[in-house]
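Okay, so here's the structure we're looking at.
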Amino acid sequence: MARLLHVVQCPEGSGFCASYSDSQNQRIIAVARGNYIQFYTFEPDHTGFLKERSKTYFEQPITSMAKVRGSQGDSLIAIANNTVYDVTSDKRFLMPCEDFGSSPQNFLMSFSVNRKVAIARLSTNGRTYVIYNEKTKRPEVKVSSLGCAQIKQAVTLENSDTRFAVLYTSFDLSYSLKYLELDKNLSVNITSQFQAFVEAPSLVVPMTYGGVMVLSNYRIYLFPAPNQTTHLADSFEDQRGTSVSNARNVITIDIKSLPYLTSLWTSYSKIDSERYLLSTDTGLTAVAYIRSAFTASAVSIEAFSIHDIGKSTIAQSMCHVENNVFFAASKYSRSILFKIMPTEPHISILSFMPSSPPVIDLAYSFHANTLRYSPDIFWELRKISYNSWKATQLSTLRLDDPFAEVVSLSPTNPSSDSKIVIGIKVNSKIEEIYTISNGLQKYRGTFVKTNLQFPQANVVSAVLSGTFTGQHKLQSKDFIVKASDTSSIKYSKLLSNGMHLYVSDNHIVCESGSSRETCDLQFSENSITAFDAIFYEGSPASLVGYTDGQIEYFRFNGSKVSSKLSLRSGDKNEGLRDAKVCFNAKEELVVVALDNGGNVHQYLLEHDAVIASSVWNCKGPGPTAMGSDGSMVVLYDTHKVLGLVPKRGNFLNLCDFFYSPKAIRECVVLSKSHALVGVYLEDRTFVTVSHEDKKDIIDAHFSDKLWTKVISIPRTHYLVCIKTDIRPTKGQSRVATLNLLDGRTMRLLHTFSNTSSQFSDICYVPPNELHGIAPLSFVALQTGTNSMSRFPLFKIEGDKIREVPNVHSILKDMESVSFSVVRYDPYRECLHAAGEDFVSLSFTNNNEVLELRAVDSIGRNCVLQHVTDIACEPERIFILDSFRGLYEKTSSNFELKEQSDDDSRITAICALPTDSNQESSVVFGDSSGRVHINGNVFQVYSQINTLKYVEEDGSVLVGTLNGGIYRLTSNLGPVPEDLHDVGRSKITSVPPFASLVTGADATRVYFANTIQDYVESDGHQRKELALLDAWCNASDKGLKRKENYSDSQTREIAEVLDYI
């Protein structure tokens, strides 16, 4: 079955940044974000301080970027698409990277040779590639080798045009430093070789006097420039707590007593000739002060000190913006723009930039109060919604009458500068009228009470006759009001042009002036549950929905009904809660229906006929009500508010708006501009809330410890996570704790710790009365304890984690075996644990003691070393060993699966429910970034760290080493054998981090972004595009798509895909 691949989170935190001056001498900050470089200027008065200037895109992610010296100032060099480019002013080809696959990391430098600028690329395997920076299509590349060496870092030396320093490891894994030089033929020659270090340094910083500073977590070394001697000045000033010595012409500064003992230095930025900003892999930030006096033959170190200024971020590179302002780029946490202050706190963060740290684990959370899932990402536990918007509460209005209603009096699609008008309706009379500002952010959402009051009683409908901008005083004549002294009018809507549509005596009525047209309803008005009307293309349109799911659509033309359409939303047993008509992004009509199961249906209309439909099928407690003004739709229950917003394509996009701790009575759409919504709460307050589609909003729980595992407790808002102190304080043991969080707010509810042991894995266990397993239970894998307590059982009770007493592990002869993974097997209703061995554990009650008894193991024939995951099928169990590979275990056999022909290894597995149409129900991910599913392979250019099956909708979540998160979903149905690969489409905005490698004809993976781009392109048949858009849109929100297409419709979709 064909599937769609959606990009949930693009990998964009590459960790590269640079600042340089352009040809106009303006300071530019360049930040690599995934497959593009974003250029900024620093603007102190601009929101966020960084003003976007331009972008340079590449087909694949950027793997290296550096500022180098050019012939007329600074130049910016980057590597992407296996190619070196000069991107200073435009994207100019310099040289290919033919060895990219064997050495993906590179160091970029520039030199002045023969009065020309030479660009050098040094790969980690010790090979150098040098060219002149000239505009030529076929540059001559000079290739040299540094011998048997693994390069860790390379920097150019100051006060030299041709020299550079290299930190490397040799065949014996020892770290060494050497100086090299480019000759006039662009060949590389060694000028100085230093003695090997006794530890492993992590950072090299070029110094003003021409040498380098090398930093480890124990010491700082100051090396002289070539042909220089070094010594300590007689008046040398050092810092208390450091020890300084001079041996073999190298200054050594001992920093063991400083707080950097358990950290590795990762990045630096030069502040001036004496000060250097340094950062560690734990976020510690420091300023090193080194004063020296030097000549070409000698350097005298006069003073040294290092000052801790606090934590910033885990930076892979830093650059100096201006004065005391710096930018730190991180791929493991958020990149930041910050300023160093003279007093504490020394670091003032000016703005954040989103990143995509490596995805260690993923957990899906589908609950009424949490729209999506929460992945576990390195130092932060991050919650990501597929389309989460930033909500801002603006103003509050208190309503005294408990029976008061809030009604919108504004017309559909008012201009963005108009004011919104609402009325407070009590007992069928509009008692008060307020205007709401939707202009400047300072006043947006504020209420202003008018002196108006409608004299009419029994008001059935009212509306402004036009938009109100506030330039004149609001008067009664600005409104159209319809009142009725009878109770025959059950449903009513008044349009701004004076047309009145309503239901009366089993008829739908359209009144316009003196003309009146009626039409019989298909069913009794007593079964009506939805009514709406809108003015479209010069005539009114209306719909009537019934409890059994039937919807009638009417189109009036003058004094007659020009068209009538009947459709059904879902199955009869799902019924219908409400339905609305709304404009999409192309100003076309879409019928939106909400059934009793919380499923949302959309029907695209053309010439008053349905040409395509889309449905999101809700698997949990879904929305129970909806509201619309014709330009936008809100869906809500007692606490959660979602939006349906026209953004692109033919259908409305489902968006996660906000969660309200207070119970919601009603939601009113006020304006599509700023997605302004009015929320009427049960405490009788009416709140205005604006929304902003901002993808860089991060809802996360940050920590200085490592989040390693996360599970979501089904049908609840609970997340259970393991947090580990990977660098414990000296003298203390490593601690791993169980943490309970509220997935709606990411608030930490409770921490369970055991000082005598650690937790390394967790898995959810479904309730079982026979075994005494309560709901909300999970099993943990515990180390550092006796064998009987190896697999403790916990339950969530009162927002706390409680250990269940009297749970014993009976491991027989495996008390000393080390385990790393525990998983629940739904087919065999038991636990599987693996590490150095594999064992199955059955649940047994023995005199009120729950025993986890070993019933199956591999035993003496075990060849496992370190298991990282287990996947279960009815007949097979797959065991993934990080060293050995993938094993398959059946009732009678245990064997190693055939490995890949290349150097890649399997890094993640995931089991899907058995399907008769599938050859295999196991998905594999490998170190080369490829995902294998049912014979189909697609690539996302980064190691697959985790694969998770989502039971709620049948999709597969993919998490990668570079922080990418993808979602594989949607079965299209039978497709022709000659379907072409969409990844080879000429459309330029194909997701740059994914490409199809191979695939069976009937199981192709199509990229959702490609489909959407094709839908929005011109020159194609309208109906075909709508069908494609419906398929792509219906599978985009994690709600299982119903197979409601006819065979002919499926064929039409397949034909369009074939054409792409």
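For the sequence shown, UniProt numbering gives the first residue as 1, with consecutive numbering after it. Every residue, glycine too, gets a C-beta built ideally from N, C-alpha and C. Since we're looking at a predicted model, the values are computed, not measured.
Query	Result
Given a threshold of 16 other Cβ atoms within 10 Å of its Cβ, counted over all protein chains shown, does residue 229 qualify as buried or as exposed?	exposed
Could you tell me if residue 57 is buried or exposed, where buried requires 16 or more neighbouring beta carbons within 10 angstroms of its beta carbon?	exposed
How about residue 41 and residue 28: are their beta carbons less than 8 Å apart?	yes
Taking the alpha-carbon of residue 215 as reference, which of 945, 280, 243 and 505 has the nearest alpha-carbon?	280
Which class does residue 980 belong to by DSSP, given the choice of helix, strand or coil?	Confidence at residue 980 is low in this model, with a pLDDT of 38, below 50, so its placement is unreliable and the value that follows should be read with caution. If DSSP states are grouped into helix, strand and coil, residue 980 belongs with coil.
Ends of the beta strand (DSSP E) at residue 1079?	Shown here, the chain extends from 1 to 1060; a query on residue 1079 therefore has no answer.
The beta strand (DSSP E) with residue 153 in it runs from where to where?	150-156
Rounded to the nearest angstrom, what separates residue 480 and residue 798 at their Cα positions?	54 Å
Quick check on the burial criterion: 16 or more other C-beta atoms within 10 angstroms. Buried or exposed for residue 743?	buried
Give the straight-line distance between the Cα atoms of residue 656 and residue 490, rounded to the nearest whole angstrom.	33 Å
Kindly identify the DSSP beta-bridge partner or partners of residue 178.	166 and 193
Leaving out five residues on either side along the sequence, give the residues of the same chain with a beta carbon under 7 Å from the beta carbon of residue 15.	316, 317, 329, 330 and 331
Quick check on residue 418: buried or exposed, where buried means 16 or more other Cβ atoms within 10 Å of its Cβ?	buried
Exposed or buried, residue 1081, counting other C-beta atoms within 10 Å across all chains shown (16 or more means buried)?	Missing from the structure shown is residue 1081; the chain here goes from 1 to 1060 and no further.
Select from 847, 853, 856 and 886 the residue whose C-alpha is nearest the C-alpha of residue 866.	886
So residue 503 and residue 531 are supposed to be a Cβ contact under 8 Å. How far apart are they, rounded?	6 Å
Buried or exposed for residue 691, going by 16 or more other Cβ atoms inside 10 Å?	buried
Would you give the residue range spanned by the beta strand (DSSP E) that residue 562 belongs to?	560-568
Within this structure, are the beta carbons of residue 624 and residue 665 separated by less than 8 Å?	no
Mapping the DSSP letters down to three states, classify residue 185 as helix, strand or coil.	coil
Note down, one range per segment and in chain order, each beta strand (DSSP E) of at least 3 residues found wholly within the segment 563-642.	578-583, 589-594, 600-606, 609-616, 625-628 and 633-636
Spatial neighbours of residue 243 within its chain, please: CB distance less than 6 Å, with the 5 preceding and 5 following residues excluded, ordered by chain position.	254
Given a cut-off of 8 Å on the beta-carbon distance, is the pair residue 111 and residue 162 in contact?	yes
Taking residue 764 as the reference, give the member of 85, 713 and 409 with the closest Cα.	713
Please state if the CB of residue 688 and the CB of residue 395 are separated by a distance shorter than 8 Å.	yes
Enumerate, from N- to C-terminal direction, the unbroken beta strand (DSSP E) stretches of 3 or more residues contained entirely within the segment 803-860.	807-810, 819-825, 830-835, 838-846 and 849-857
On the three-state DSSP scale, how would you describe residue 526?	helix
When you compare only the Cα positions, how much space is there between residue 313 and residue 337?	10 Å
Exposed or buried, which one is residue 109 when buried takes at least 16 other CB atoms within 10 Å?	buried
How many whole angstroms separate the CB atoms of residue 94 and residue 142, which I take to be in contact at a CB cut-off of 8 Å?	Rounded, the Cβ-Cβ distance is 13 Å, inconsistent with contact.
Tell me whether the segment 119-134 and the segment 151-167 touch, counting them as touching only if at least three CB pairs, one residue from each stretch, are closer than 8 Å.	yes
Report yes or no: do three or more beta-carbon pairs, one from the segment 491-500 and one from the segment 463-472, lie closer than 8 Å?	yes
For residue 59, list the residues DSSP reports as bridge partners.	Its beta-bridge partners do not exist; DSSP assigns none.
Please report how far the alpha carbon of residue 11 lies from the alpha carbon of residue 596, in whole angstroms.	38 Å
Going by DSSP in three states, residue 478 sits in which element: helix, strand or coil?	helix
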